[in-house]
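Asks: Structure incoming, see below.
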Amino acid sequence: MALRRCCGLAGIAPRLLWNVLPGAYVPGRTSASSLVNTHHGCQTLQLRRFSSAPPSTDVSYEQMKQLLAGRKAVVIDVREPWELREYGFIPGSINVPLGQVNTALQLGPDEFNEKYGGEMPQQTDNVVFTCLAGVRSKTALNAAASLGYKDVQHYLGGWQDWVKNEQQN
Numbered sequence: 008m009a010l011r012r013c014c015g016l017a018g019i020a021p022r023l024l025w026n027v028l029p030g031a032y033v034p035g036r037t038s039a040s041s042l043v044n045t046h047h048g049c050q051t052l053q054l055r056r057f058s059s060a061p062p063s064t065d066v067s068y069e070q071m072k073q074l075l076a077g078r079k080a081v082v083i084d085v086r087e088p089w090e091l092r093e094y095g096f097i098p099g100s101i102n103v104p105l106g107q108v109n110t111a112l113q114l115g116p117d118e119f120n121e122k123y124g125g126e127m128p129q130q131t132d133n134v135v136f137t138c139l140a141g142v143r144s145k146t147a148l149n150a151a152a153s154l155g156y157k158d159v160q161h162y163l164g165g166w167q168d169w170v171k172n173e174q175q176n
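So, in C-alpha cells, the structure goes:
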C-alpha cells in the first residue's frame, strides 16, 4: 500500500511543485518530468540543490602557498584585528573582519584600499578567505558569492593549519 502511494504521489508532485505538465517546456525552467526517476516501477522525485558558491571551494596549505607565491589570489583574513595582533597572520593577507565583509566588498576600490590597506578584489578575481579554523571563512565565502563573486574559496584549516605547517617547514 505504501508503495502504491509512493508511485501515485511521485507522478503528481512535480506538477504541483512546478505547475507544469510532465514534458512541457517552459523557458528558463527545468521540466518537471526531467526530475522524475522511474526505478523498479516506482517513480521518485529527484531534487537538485542549487548554490551560489562554486562546487570546489576548499584550499589546502600547499595551494595557499602557491596562490600567495604567484600572487594569483586576493587573500582576506576575516578574523578580528586583535586576533591578528595576538596570534599572527598569513603574510600577504588583507584583514576584513567578518562583520564587515558584506559592506567592504561593495565599497569603491579607493575606499576599500584606504580602509583595509589592500587592493579590493574584483568580482572575477580569485578570492580566498581565511580565519582561525575555517568556520568564519566559509561564511565570508557565502557572502561574497551572494554578491556575485565568481571565484571564491576558503582556506579550510585557517590560521591554525598555517602555523602547524609553517613550523614543520
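When you read off a place in the sequence shown, starting at 1, and then add 7, the result is the number in the numbering used here. Idealized CB from N, CA, C, for every residue including glycine.
Grouping DSSP H, G and I as helix and E and B as strand, with all else coil, what is residue 168?
Replies: If DSSP states are grouped into helix, strand and coil, residue 168 belongs with the helices.
Asks: State the CB to CB distance for the pair residue 160 and residue 140, rounded to an integer number of angstroms; the pair is presumed to be in contact (CB under 8 Å).
Replies: Not confirmed; about 16 Å, so no contact.
Asks: Roughly how many angstroms lie between the CA atoms of residue 106 and residue 151, to the nearest whole one?
Replies: Cα-Cα distance, rounded: 12 Å.
Asks: Kindly indicate the opening and closing residues of the beta strand (DSSP E) around residue 162.
Replies: Residues 158 to 162.
Asks: Let me confirm a value: residue 131 is counted as buried when at least 16 other C-beta atoms fall within 10 Å, else exposed. Which label applies?
Replies: By the 10 Å Cβ count, residue 131 comes out exposed.
Asks: Cα-Cα, which of 172, 112, 110, 86 is closest to residue 100?
Replies: With distances taken between Cα atoms, residue 100 lies closest to 86.
Asks: Would residue 162 pass as a contact of residue 137 if the rule is Cβ separation under 7 Å?
Replies: Result yes, Cβ atoms of residue 162 and residue 137 sit closer than 7 Å.
Asks: So, using beta-carbon positions, are residue 149 and residue 80 closer together than 7 Å?
Replies: No, they are not a contact pair.
Asks: Determine the DSSP secondary structure at residue 5, reduced to helix, strand or coil.
Replies: The structure shown does not extend to residue 5, since the chain is modelled only from 8 to 176, so the question has no answer here.
Asks: Of all the options 122, 69, 142, 83, which has the alpha carbon lying nearest to the alpha carbon of residue 128?
Replies: Ranking 122, 69, 142, 83 by Cα distance to residue 128 puts 83 first.
Asks: Is DSSP giving residue 85 helix, strand or coil here?
Replies: Coil, per DSSP.
Asks: Taking residue 116 as the reference, give the member of 108, 126, 110, 175 with the closest Cα.
Replies: If we check each option's Cα against that of residue 116, 126 comes out closest.
Asks: Below 8 Å on the Cβ atoms is my contact criterion, and I expect residue 114 with residue 154 to pass it. Report the Cβ-Cβ distance as a whole number of Å.
Replies: Residue 114 to residue 154, Cβ: 11 Å. No contact.
Asks: For residue 165, count neighbouring C-beta atoms within 10 Å of its own C-beta (all shown protein chains included) and say buried if the count is 16 or more, exposed if not.
Replies: Classification for residue 165: buried.
Asks: Is the beta carbon of residue 172 less than 7 Å from the beta carbon of residue 94?
Replies: The answer is no: Cβ separation not under 7 Å.
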